[in-house]
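Down below is the structure, laid out as structure tokens.
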Amino acid sequence: MIATLQEGSVGGYSVAYGREDTYFPVYITAALAAIFLTATWITGAFYWLALAAAAAGFTYYNIPLLEAGRPTIGANQYGIFIQALGLIRWRAIERIDLVQIAERAMTVHELQIALNVPLGSALVADWRKRPMHRLLMRLPWRMDHRGIVRVNLEPFDRAPDDIHRTFLRMWRYYRS
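In this text, residue positions in the sequence shown follow numbering that gives the first Met the number 0: the first is 0, and each later residue adds one.
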């Protein structure tokens, strides 16, 4: 059964992207794209256009990081919702883990949601079909071959432990 819930109105516990320093690189690359485009127009040299396209592509891909007020992940009585994925029902979740992954000089926290059914039947509301203008933008989730939905928790406005603890508590309460 697929419900007609909208991404912006699911209620419950929600987490958005943080309002810290994530804006800076996106705005800088947007400014660089404008500068390179202007340089192409003034000089007539098309190699500036390639640099402008690369900077604009990076900016376009990372625009969702600027949507700090919009809920990106969260949970309610029906399950866990993830932007551009859908609402995963509680009974379809086998386990919820918080995994620390060492990358270069930092540690990344990742929420891993293991499903006990295929993704198509785990979703109460399916939001995987996105509008044309958002097709190439950053997704907050990815799925591996074992059926585990992985969400990087670093860009969010709450601590990874807090998000994991809240999801775990709600999962234990609502799955029964």
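We treat Cβ as the ideally placed atom computed from N, Cα and C, and that holds for glycine.
All values derive from a computational prediction rather than experimental measurement.
Between which residues of its own chain and residue i is the CB-CB distance below 6 Å, once the five residues before and five after are set aside?
| i | result |
| --- | --- |
| V148 | I112, W140 and M142 |
| F166 | A74 and I95 |
| A2 | Summary for A2: the model assigns pLDDT 49, below 50, so the residue's position carries little reliability; its value from the coordinates is reported in the next sentence. V123 and A124. |
| V116 | A91 |
Out of the options, point me to the one whose CA is closest to residue i's CA.
| i | options | result |
| --- | --- | --- |
| Q99 | L84, H163, D125 and A54 | H163 |
| D160 | S175, L135, E109 and L122 | E109 |
| N75 | A29, E66, A124 and T28 | A124 |
| T28 | A44, Y46 and A52 | A52 |
| F80 | M105, F45, A44 and G10 | G10 |
| L97 | A158, A30 and F23 | A158 |
Could you tell me whether the Cβ atoms of residue i and residue j are closer together than 8 Å?
| i | j | result |
| --- | --- | --- |
| G73 | Y172 | no |
| D156 | G56 | no |
| L50 | V25 | no |
| A214 | A32 | There is no way to answer for residue 214, as the model of the chain reaches only from 0 to 175. |
| P70 | R137 | no |
| T42 | L48 | no |
| L135 | Y59 | yes |
Among the residues of its own chain, which have a CB less than 7 Å from the CB of residue i, if the five just before and after it don't count?
| i | result |
| --- | --- |
| V107 | I100, N151 and E153 |
| A121 | I87, R88, A91 and L114 |
| W170 | W89, I92 and I95 |
| N61 | V25 and R137 |
| R129 | A83 |
| G68 | A15 |
In its own chain, which residues sit with a C-beta less than 8 Å from the C-beta of residue i, not counting the 5 before and 5 after it?
| i | result |
| --- | --- |
| R127 | A83, L84 and G85 |
| F35 | W47, L48, L50, A51 and A54 |
| M0 | Because M0 sits at a pLDDT of 46, beneath the cut-off of 50, its placement in the model cannot be relied upon, and the following sentence gives the value as read from the coordinates. Cβ neighbours of M0 beyond the five flanking positions: V123. |
| F45 | T39 |
| G78 | L86, I87, R88, W89, A91, I92, V123 and Y173 |
According to DSSP, residue i sits in a beta bridge with which residue or residues?
| i | result |
| --- | --- |
| Y12 | A74 |
| V150 | L110 and W140 |
| F155 | Y16 |
At which residue ranges does the segment 72 to 139 contain complete alpha helix (DSSP H) runs of 4 or more residues, listed in the order of the chain? With a minimum length of 4 residues, the continuous alpha helix (DSSP H) runs that stay inside the segment 72 to 139 are 118 to 121.
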